[in-house]
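Reading through the structure tokens given below for one structure.
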Amino acid sequence: MQGSRVVKTFDELFSELEQRARTRPEGSSTVAALDAGVHFQGKKVLEEAGEVWLAAEHESDEQLAEEASQLLYRLQVILLARGLSPQDVYRYL
Ligand SMILES: N=c1c2ncn([C@@H]3O[C@H](COP(=O)(O)OP(=O)(O)OP(=O)(O)O)[C@@H](O)[C@H]3O)c2ncn1[C@@H]1O[C@H](COP(=O)(O)O)[C@@H](O)[C@H]1O
0 MQGSRVVKTF DELFSELEQR ARTRPEGSST VAALDAGVHF QGKKVLEEAG EVWLAAEHES
60 DEQLAEEASQ LLYRLQVILL ARGLSPQDVY RYL
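FYI, numbering that gives the first Met the number 0 numbers position 32 of the sequence shown as 31, with every residue one higher than the one before it.
This is the structure:
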């Protein structure tokens, strides 16, 4: 399902997003989402959560995995915007 793409973990993605927030490269989705504020970020979390649900009911395993990756990304953006890290979440798992 993953093909030849480089696999990254949840923590590695978060580190990448922290770096985007620090360096603010042109064209970064993360910088755009951080600048757009919590209302935008929250809508994206809900939108992607809905897409995960629909994929689980109606779409392929591959589509579900892709939607789940987008939800994880959107969750990371909202955590980053609030100054939280994955560790803050892990302690509740
Ligand atoms: N994993 C993701 C990721 N998942 C989802 N998205 C964003 O979510 C969009 C797709 O979600 P939608 O289904 O909402 O697509 P859409 O409605 O057609 O697009 P939008 O109108 O929402 O932009 C993508 O265009 C990205 O903007 C992501 N953007 C970035 N990443 C990773 O985050 C890292 C930093 O990315 P940049 O900040 O863009 O450099 C890189 O490793 C990226 O691979």
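Note that CB positions come from ideal geometry on N, CA and C, so glycine has one too.
Treat the numbers as computed from the prediction; the structure is a model and nothing was measured.
What distance in whole Å lies between the Cβ atoms of residue j and residue i, which are believed to be in contact at a cut-off of 8 Å?
| i | j | result |
| --- | --- | --- |
| Glu61 | Glu50 | That pair is no contact at about 14 Å. |
| Arg21 | Ser27 | Arg21 to Ser27, Cβ: 11 Å. No contact. |
| Lys94 | Arg90 | There is no way to answer for residue 94, as the model of the chain reaches only from 0 to 92. |
When you compare only the Cα positions, how much space is there between residue i and residue j?
| i | j | result |
| --- | --- | --- |
| Ser68 | Arg23 | 22 Å |
| Glu25 | Leu53 | 33 Å |
| Gly41 | Val5 | 28 Å |
| Leu33 | Leu83 | 13 Å |
| Ser14 | Glu58 | 31 Å |
Are the beta-carbon atoms belonging to residue i and residue j less than 7 Å from one another?
| i | j | result |
| --- | --- | --- |
| Leu70 | Ala48 | yes |
| Leu16 | Thr29 | yes |
Within 10 angstroms of its Cβ, does residue i collect 16 or more other Cβ (buried), or is it exposed?
| i | result |
| --- | --- |
| Ala79 | Looking at the sequence provided, one finds Leu at residue 79 rather than Ala. Under this definition Leu79 is a buried residue. |
| Val76 | buried |
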